[in-house]
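Take 29 as the starting number for the sequence shown in our numbering and just add one per residue.
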Amino acid sequence: MVNQFTINVGFYMLMPYLAGYLAGPLGLAGWAIGLVLGVRNFSQQGMFLVGGTLADRFGYKPLIVAGCLLRTAGFALLAVVNSLPALIIASAATGFAGALFNPAVRAYLAADAGERRVEAFALFNVFYQCGILLGPLVGLALTTVDFRLTCLTAAAVFALLTVLQLRALPSRAAETGKRTTLGDWRTVMANRPFMLFALVMVGSNVLSFQVYLALPLQASSQTLVMALFVVSAVVAIAGQLRITAWFRNRWGPGRSIAIGAAVLTSAFLPPLVVPGDAALLISSALLALGTAVVFPFEMDTIVRLSGNRLVATHYGFYNTIVGVGIMLGNLFAGTVFDLSPSTGWLGLLAIGGICVLGLFALERSRTFATVN
């Protein structure tokens with residue numbers, strides 16, 4: 029938990045201010061900024077499957093340590109380079125680092141928590157959101173001095189994490205047996221309930237991502253954007269554990285995920301019906317509430333559908349599918365918002381409606397009870 033909190037503090041103290049640094053002090057053109065940020069996103073989202081596969085093959089700890097070490101190097105490089113090729117290399121390193129440790133961290137937590145995975149992932153999200161809340165505040169203070177200081181501080185955070193995890197994180201044995209990488213991937217792709225779940229959950233993840241896209245695009249000021257993130261984090265931090273316990277006792281995993289997706293969908297009604305700053309704040313709170321409902325059960329369901337085999341590979345495959353879906357969903361959202369704000373909100377409501385129907389269909393088909 030503390031590991032993920034520190035990862036997020038280090039990451040979010042830097043990333044919100046990277047685009048401004050590239051455009052301002054470095055004077056890069058818009059296309060170059062988009063390229064640098066796009067490379068970072070692709071090298072993480074597009075490589076989750078690789079990271080998950082390596083974690084199952086070599087163990088979770090080596091991949092967590094390697095990811096933190098690589099991100100140390102990437103952030104340090106950002107502090108000392110100013111040419112586009114070097115910035116692309118640094119950006120790719122920071123992204124691929126996330127692809128290495130993210131599936132491993134989730135698989136490690138799932139294995140360590142055992143039957144209490146849902147509660148563990150709920151607590152994980154509390155620490156995750158605390159890091160997202162604190163990181164930008166630390167980064168803002170450092171960036172007012174010099175963004176390069178922010179980069180070096182973030183690198184120092186990950187360097188410290190690397191050392192601490194080498195010394196303190198218990199090792200977990202890798203899965204043994206004569207297997208090939210392609211064989212592992214075929215095993216995951218042949219897991220029909222898992223694949224259906226991953227495809228349907230693309231919609232839920234597209235909706236939850238809109239706190240970074242649709243809401244800031246419609247916000248009237250940077251102060252409001254900051255308020256949106258604060259509201260989102262506070263709802264998750266204050267309510268996560270109680271929300272998870274209540275939904276688990278009342279509805280169980282499958283129904284809870286579907287209801288959570290419905291809450292996510294409802295988040296786009298206020299700005300459609302009564303446009304304004306208050307509506308965006310309500311939308312942010314509903315997105316945080318829906319995510320708090322969905323996330324622990326979502327992570328637990330991936331483990332259950334994997335049958336506790338190749339767990340990190342399943343997480344990697346899942347994140348890759350969702351990452352591609354978010355990219356396409358954001359392209360769709362940006363296109364419909366260009367037509368008009370109301371068209372954009374209606375488009376997101378349509379995505380949510382399809383997702384909710386799909387999740388209820390899976391719940392009725394007993395997919396959530398399937399264990400391979």
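Glycine residues also receive a C-beta, built at the ideal position from the N, C-alpha and C atoms.
Cα-Cα separation between residue i and residue j, rounded to whole angstroms
i, j, result
"A127", "M75", "6 Å"
"L227", "V350", "8 Å"
"V399", "L50", "With a pLDDT of 45 at V399, under the threshold of 50, the modelled position of that residue is not reliable, and the figure given next carries that caveat. About 47 Å."
"A141", "V30", "15 Å"
"V64", "N36", "20 Å"
"S284", "F275", "6 Å"
"L42", "G159", "12 Å"
"S370", "L300", "6 Å"
"G87", "A125", "16 Å"
"A261", "L137", "22 Å"
"T172", "A107", "15 Å"
"V339", "V146", "15 Å"
"A183", "G62", "23 Å"
"A118", "L180", "13 Å"
"S71", "V352", "12 Å"
"A60", "S393", "47 Å"
"V302", "A242", "16 Å"
"P298", "I310", "7 Å"
"G52", "L188", "30 Å"
"A4", "I379", "Beyond the ends of the chain as shown, which are 29 and 400, falls residue 4; an answer cannot be given."
"V93", "D366", "43 Å"
"S294", "L269", "22 Å"
"L54", "L115", "11 Å"
"S312", "T190", "34 Å"
"T208", "V154", "37 Å"
"T100", "F39", "10 Å"
"R278", "A196", "38 Å"
Minimum C-alpha distance to residue i - residue among the options
i, options, result
"A389", "V154, P221, V216", "P221"
"D212", "G318, T341, R99, P198", "T341"
"G357", "G318, T178, L376", "L376"
"A264", "F152, C383, G95", "F152"
"N110", "G66, A101, R176", "R176"
"G282", "T329, A320, L197, A148", "T329"
"A286", "V67, A83, G381, S199", "G381"
"Y343", "A57, D84, A47, N69", "D84"
"V291", "A266, P303, F33, F323", "F323"
"T251", "R278, L308, A218", "L308"
"A273", "V234, A150, L189", "A150"
"L317", "L194, G102, S236", "S236"
"G102", "R134, T122, P113, I92", "T122"
"R144", "G267, V384, M327, W373", "M327"
"F402", "A361, F39, L97, V321", "Lying before the first or after the last residue shown, residue 402 is absent from the chain, which here runs from 29 to 400."
Nearest-angstrom Cβ-Cβ length linking residue i and residue j, presumed shorter than 8 Å
i, j, result
"V239", "L315", "5 Å"
"D305", "S248", "6 Å"
"S334", "A289", "With 8 Å as the limit, S334 and A289 do not qualify as a contact, their Cβ atoms being about 21 Å apart."
"G167", "Y45", "6 Å"
"F345", "L77", "5 Å"
"P131", "G79", "5 Å"
"G372", "V364", "5 Å"
"A120", "V67", "5 Å"
**OP:** Could you pull out every unbroken alpha helix (DSSP H) segment of at least 4 residues lying fully inside the stretch 113-182, listed in chain order?
**Re:** 145-171
**OP:** Return the chain-ordered ranges of every alpha helix (DSSP H) run that is complete within the stretch 289-331 and spans a minimum of 4 residues.
**Re:** 297-301
**OP:** Entirely within the stretch 205-272 and at least 4 residues each: give me those alpha helix (DSSP H) ranges in chain order.
**Re:** 209-217, 220-237, 242-246
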